[in-house]
Ligand code: NAD
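Numbering (full-length UniProt numbering), first residue to last: 1 to 266.
Laid out in structure tokens, this is it:
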């Protein structure tokens, strides 16, 4: 089976435009930023880990900058996005990708764990989308892609709080898309499955502990559940995000597009 990590789609309409990628210091966000640079975009990586964000920006080259961003805080989002406007010019694309997960049995989830998942995953989408969308509506152009999850479509055991926070992301994405369609703003989401990132390796360790398995057994289980027969890569997701960002997806809005290797087909 072909498992190349190379992205292949090319979308000339993205050339020269400016994107903000939240949570772009690592994992899926980093792969998204790299693919957008490849499309000829200028990219600002906003991340709570500013040092890692700058390291990523340096790796990605001259068309990339980084800024400190905490998506949970309105002031941080306003300040960061305002800085991007001044530094790279008006941004055209928001990739709201920052997210966290913790694993826990539903009956043991604490209030703090619940709030942590909702503050980053749900409130973070609300704040970043609202602040970008106000600008996009005033200008009558702009595109938003949110990172949701397979866990936004199917309640995931040991991730009930995470699942609930991601279901909310899809509800928000659908409603916002319908409100903003008349202004020519498209809002979509991508729903990855089990992607090889730092988040996944933390989840594999937790799941192995909670289910009394080895990490290797947990990963084998994932692969066995995946019709396309391998673990998902960040580049698999980045490919679909670039498409949704481009005019090639001009008649798509309010969608939660599954990128799961066939694990979920609804
Ligand atoms: P990751 O942990 O590798 O990266 C997440 C990034 O978000 C990190 O750089 C982190 O510093 C940043 N971040 C965390 N809190 C933040 C905050 N408050 N403000 C700004 N930045 C913050 O994780 P990933 O696997 O690349 O996940 C990216 C997105 O994809 C998340 O929304 C996640 O829920 C989603 N997702 C991941 C998987 C998977 O299997 N890895 C599956 C489905 C969905």
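C-beta atoms are modelled at their ideal positions from N, C-alpha and C, and glycine is treated no differently.
Assigned secondary structure, residue i (DSSP; H/G/I helix, E/B strand, else coil)
| i | result |
| --- | --- |
| residue 258 | strand |
| residue 269 | Any question about residue 269 goes unanswered here, given that the chain covers just 1 to 266. |
| residue 147 | strand |
| residue 2 | Model confidence at residue 2 stands at a pLDDT of 43, short of 50, so the residue's coordinates are unreliable; what they give is reported in the following sentence. Coil at residue 2, not helix or strand. |
| residue 19 | strand |
| residue 244 | helix |
| residue 96 | strand |
| residue 13 | helix |
Straight-line Cα distance separating residue j from residue i
| i | j | result |
| --- | --- | --- |
| residue 265 | residue 213 | 28 Å |
| residue 53 | residue 69 | 10 Å |
| residue 160 | residue 103 | 9 Å |
| residue 143 | residue 207 | 36 Å |
| residue 92 | residue 168 | 24 Å |
| residue 49 | residue 196 | 19 Å |
| residue 16 | residue 154 | 38 Å |
| residue 73 | residue 81 | 12 Å |
| residue 262 | residue 226 | 6 Å |
| residue 205 | residue 43 | 33 Å |
| residue 150 | residue 260 | 7 Å |
| residue 77 | residue 184 | 23 Å |
| residue 242 | residue 181 | 20 Å |
| residue 137 | residue 188 | 16 Å |
| residue 179 | residue 131 | 15 Å |
| residue 157 | residue 164 | 11 Å |
| residue 106 | residue 46 | 31 Å |
| residue 256 | residue 122 | 15 Å |
| residue 83 | residue 162 | 31 Å |
| residue 41 | residue 176 | 25 Å |
| residue 62 | residue 186 | 28 Å |
| residue 237 | residue 65 | 22 Å |
| residue 290 | residue 90 | Absent from the model: residue 290. The displayed extent of the chain is 1 to 266, so no value can be given. |
| residue 28 | residue 118 | 19 Å |
| residue 224 | residue 110 | 32 Å |
| residue 133 | residue 210 | 41 Å |
| residue 88 | residue 108 | 45 Å |
| residue 39 | residue 222 | 32 Å |
| residue 26 | residue 101 | 15 Å |
| residue 148 | residue 258 | 9 Å |
| residue 166 | residue 86 | 32 Å |
| residue 37 | residue 141 | 20 Å |
| residue 135 | residue 67 | 19 Å |
| residue 51 | residue 139 | 32 Å |
Residue i CB to nearest heavy atom of ligand 3 below 7 Å
| i | result |
| --- | --- |
| residue 52 | Ligand 3 is not part of this structure, which contains only ligand 1. |
*asked:* Any contact between the segment 23-40 and the segment 51-62? By contact I mean 3 or more CB pairs, one from each, below 8 Å.
replied: Verdict: yes, contact present.
*Would the segment 83-97 and the segment 18-31 be scored as touching if the rule is three or more Cβ pairs under 8 Å?*
Under the three-pair Cβ rule at 8 Å, the segment 83-97 counts as touching the segment 18-31.
_Three Cβ pairs or more, each shorter than 8 Å: is that satisfied between the segment 106-117 and the segment 218-229?_
As far as the Cβ criterion goes, the segment 106-117 does not touch the segment 218-229, which means the pair count is below three.
*Given 8 Å as the limit, is there contact between the segment 117-128 and the segment 169-177, that is, 3 or more CB pairs closer than that?*
Contact between the segment 117-128 and the segment 169-177 is present, because at least three Cβ pairs lie under 8 Å.
*Is the segment 234-254 in contact with the segment 201-213, if contact means three or more CB pairs nearer than 8 Å?*
The segment 234-254 is not in contact with the segment 201-213.
_Please give me, in chain order, every unbroken run of the beta strand (DSSP E) with length at least 3 that falls completely inside the segment 168-199._
Within the segment 168-199, the complete beta strand (DSSP E) segments of 3 residues or longer fall at 186-192, listed in chain order.
*Enumerated in chain order, which unbroken segments of the alpha helix (DSSP H) with a length of 4 residues or greater are wholly contained in the segment 104-170?*
Segments of the alpha helix (DSSP H) lying fully in the segment 104-170: 111-118 and 124-139.
*May I have a chain-ordered list of the beta strand (DSSP E) segments no shorter than 3 residues that lie completely inside the segment 27-88?*
Runs found: 42-47 and 64-68.
_Validate contact between the segment 179-199 and the segment 230-240 using beta carbons, cut 8 Å, 3 pairs_ = Segments in contact, yes.
*Would you call the segment 235-248 and the segment 9-16 in contact, with 3 or more CB pairs under 8 Å?*
By the C-beta criterion, the segment 235-248 is judged to be in contact with the segment 9-16, since at least 3 inter-stretch pairs fall below 8 Å.
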